[in-house]
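Quick note: the sequence shown uses our numbering, first residue 34, plus one each step. Only one structure is covered here, and it is reproduced in the block below.
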Amino acid sequence: MIRLFDSHCQLQDHRILNIVPRLVNETLDIGVTHFAVNGVSENDWHLISMSKSKFRPTSIHCVRAFGDLLEVLKSEGPFPSGLVLHSYLGYAEMVTEFYKLGAYFSFSGFLMSMKESKAKKMLRAGYCWKPMLRMRNHLFPDSVLRCWL
């Protein structure tokens with residue numbers, strides 16, 4: 034059996050709490066051996082403190098709250114075990130501040146929906162540090178990245 038890692042689940046979501054044990058058991062039966070629980074709102078940002086205290090890396094997907102997130106991370110950080118700003122679409126000017134706290138950056142195909150000048154500026158700022166590309170279904174092939182940089 035292939036061993037799988039679910040890297041993007043929201044088991045803490047109040048809408049499914051009553052069926053989480055069944056979901057976990059069913060996914061274990063099909064080969065999922067590990068889970069990464071992702072927050073779905075600012076209320077879930079307590080996961081940041083927990084992962085830091087357990088010396089675990091953290092993955093964060095932030096949508097339109099980068100200033101608030103930066104303040105939370107500054108109050109909790111730095112993060113020596115690392116944190117990934119998943120599918121980062123924030124401001125280029127914030128990349129250095131996030132980097133100082135231990136951040137890595139992943140970029141997804143959603144860059145294609147951004148204004149080209151903003152996307153290039155943000156990519157160049159992030160690409161100088163610790164980028165990670167999220168490849169899914171060939172939405173964002175290497176050739177696109179090379180022509181943008």
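Using N, Cα and C, we set each Cβ at its ideal position, and we do this for glycine too.
{"query": "Reduced DSSP category for F143 - H, G, I as helix; E, B as strand; rest coil", "result": "helix"}
{"query": "Segment contact flag, the segment 123-140 with the segment 89-101, C-beta cutoff 8 Å, min 3 pairs", "result": "yes"}
{"query": "Buried/exposed call for G123, threshold 16 Cβ in 10 Å", "result": "buried"}
{"query": "With 16 other Cβ atoms within 10 Å as the buried cut-off, status of H47", "result": "exposed"}
{"query": "Rounded straight-line distance, which links the Cα of Q43 to that of N51", "result": "13 Å"}
{"query": "Where V148 falls, given that 16 or more other Cβ within 10 Å makes a residue buried", "result": "Reading off the sequence shown, one finds Lys at residue 148, where the question assumed Val. So K148 counts as exposed."}
{"query": "Contiguous beta strand (DSSP E) assignments of at least 3 residues, all confined to the segment 105-133", "result": "116-118"}
{"query": "For L102, the three-state DSSP class (helix, strand or coil)", "result": "helix"}
{"query": "Residue of N76, F99, V70, M83 minimising C-alpha distance to E130", "result": "F99"}
{"query": "H47, enclosing beta strand (DSSP E) - first and last residue", "result": "Careful: H47 lies outside any beta strand (DSSP E) and carries neither H nor E."}
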